[in-house]
Each structure stands twice: as structure tokens, then as C-alpha cells.
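Asker: For reference, the structure I am asking about is given below.
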Amino acid sequence: YVLLAVLILQVLDNIALILLDSETEKGERKYDDWSAILHVLDILCCCAVLIPVVWQVNSLQNALEDDHDNDDDDKEDNDKDNNNNNKNTPTNESPSLEEDDTNHRRDQERALSKLRLFRTFYIIVILYIYCTRIAVYLFATILDYRHTWLSPFYIEFVTLFFYISIGLSFRPGNTNTNNAGYSKIVQQQRDEDDNYENNTNEIEMGKME
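Dropping the structure here:
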């Protein structure tokens, strides 16, 4: 809902800027006042885009912290259970528990990568807002009439760099390469489960004979 509201406000703001340029002349008091108001609204809309990003970063960070605390508690409980089991009878760790632990670690790695990605996206958006909404006006004040074209060129160049960097950051990854080690572990666990089932079936068949 935040992004939808920001998108609508951005469209209305740009339409108002176009009408302002066509209906009024630069230098008039009315033009200067409305231009300042519309530019401030544009900056506020750009900053509002960061709200969902901040929520996502905070939720991922809190989830990782809670998950880490739960892992510490589970580790302590498992250590106590293992000590008690070792005193009584030796036990082997179940393959399903190992698979669950591997999947859990994989989920943690994905959450951590998402957290880093959204932090990078947050920084890039802030730099983009500063360069195209604030720094460009400071840059325009030092230009003479022969170099006024550098101001829109600067905006377009920064915008192109912004879209390229975002596209590279959120491009689809090669899951086959990233999950090679994980797939190997899962395959080994499946082989162990199949061997365990085959041995169990052989024992039951022997008993029936």
C-alpha cells in the first residue's frame, strides 16, 4: 500500500510539474512557490519508498537474532540429552535430524543474504535520492548558461547507474552452482535413508521366512 500510494503521488507530482512549466513562466513568484512545494513532495515520496525497505531489514534482522538465540538453546538441550544418552546406551544421530539441521542452516544463509541485499539496496536508494533530488540543484547553481545541459545529463547518468546497479543486485543467481554442496549432502542423506530402508526390509523378510 505504501508503494502504491507513493507511485500515485509521484505521477500526480510529475503531471503538476509539467503543467506548471507550461502554464507559468520561470521567475514568477507563483512558479517559484509551487515548484518548491512540488520538489519537496517529490523528495518525501522518494523517502517514503524506504519505509518498506526498513521494515524488511528490521524483520530479517530480528528473525536472525531470534533464530540464533533458539539455536543456542537447542544446542544446550541437545548437549544435555547426548550426555544422558551416552551414560545409558550409545545412540546414532538420525539422518532426518541431520537433514533438518542442514535445511535450517540453508534457511539461515538465505535470510542473511537477503539482509545484506536489502541493506545494500537501502544505501543505493539513499545515494540516488541525494544525487538526483538535492545535489543536482547545488550542481546547477555553479553552471553558466553554456553548460546548463550538464544538469539533466547528470540526472540521467545517475539514474542509469542506479537502475544498472539495482538490476545487477537483484539478478537471478545460478542456483545449481550455489547449491552444489547442499545438493550433495542431501543426496548422501537420501542414500543413507534408502540403505536403512533396504536393511530393514531384508530383516523383516528374514523373520517372515
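Counting in the working numbering, the sequence shown runs from 355 upward without gaps.
Virtual Cβ for every residue (Gly too), placed ideally from N, Cα, C.
Kindly indicate which residue of R464, W503, T474 has the alpha-carbon position closest to the one of G521.
Answerer: Along the sequence shown, one-based indexing puts residue 521 at 167. Ranking R464, W503, T474 by Cα distance to G521 puts T474 first.
Asker: Just curious, the alpha helix (DSSP H) that Y517 is in, first and last residue?
Answerer: The count along the sequence shown starts at 1 and reaches residue 517 at position 163. Unbroken alpha helix (DSSP H) run through Y517: 504 to 523.
Asker: So, using beta-carbon positions, are V403 and F472 closer together than 8 Å?
Answerer: For the purposes of this step, residue 403 is identified with residue 49 of the sequence shown, where counting begins at 1. For the purposes of this step, residue 472 is identified with residue 118 of the sequence shown, where counting begins at 1. Against a cut-off of 8 Å, the Cβ pair of F472 and V403 comes out as no contact.
Asker: Could you give the DSSP three-state label for D386: helix, strand or coil?
Answerer: Within the sequence shown, numbered from 1, the residue matching residue 386 stands at position 32. In the structure shown, D386 sits in a helix (DSSP, three-state: H, G or I).
Asker: Are the CB atoms of S389 and L373 within a distance shorter than 8 Å?
Answerer: Sequence index remark: in the sequence shown, residue 373 carries index 19 (1-based). Sequence index remark: in the sequence shown, residue 389 carries index 35 (1-based). Going by C-beta atoms, L373 is not nearer than 8 Å to S389.
Asker: Would you mind working out which of A370, Q410, F515 sits nearest Y476, comparing C-alpha positions?
Answerer: Translated into the one-based positions of the sequence shown, residue 476 becomes position 122. It is Q410 whose Cα lies nearest to the Cα of Y476.
Asker: Give me the Cα-Cα distance between E447 and I480, rounded to the nearest whole angstrom.
Answerer: Counting from 1 along the sequence shown, the entry for residue 447 is found at position 93. Counting from 1 along the sequence shown, the entry for residue 480 is found at position 126. Residue confidence for E447 is low, a pLDDT of 47 falling below 50, so the modelled location carries little weight; the figure read from the coordinates is stated next. In a straight line, the C-alpha of E447 is about 49 Å away from that of I480.
Asker: When you compare only the Cα positions, how much space is there between T486 and I518?
Answerer: As a working note, residue 486 is residue 132 in the sequence shown. As a working note, residue 518 is residue 164 in the sequence shown. Roughly 16 Å separates the two Cα atoms.
Asker: Would you kindly work out how many angstroms separate the C-alpha atoms of Y499 and H422, rounded to a whole number?
Answerer: Your numbering for residue 499 matches position 145 in the sequence shown. Your numbering for residue 422 matches position 68 in the sequence shown. Taking the straight line joining both Cα atoms gives about 59 Å.
Asker: Quick check: Y333 and V512, are their CB atoms within less than 8 Å of each other?
Answerer: The structure shown does not extend to residue 333, since the chain is modelled only from 355 through 563, so no value can be given for it.
Asker: Grouping DSSP H, G and I as helix and E and B as strand, with all else coil, what is K380?
Answerer: On the sequence shown, residue 380 is found 26 positions in, with the first residue counted as 1. In the structure shown, K380 sits in coil (DSSP, three-state: anything other than H, G, I, E or B).
Asker: Under a three-way DSSP split, which group does Y499 fall into?
Answerer: Here residue 499 refers to the residue found at position 145 of the sequence shown. Here Y499 sits in helix by DSSP.
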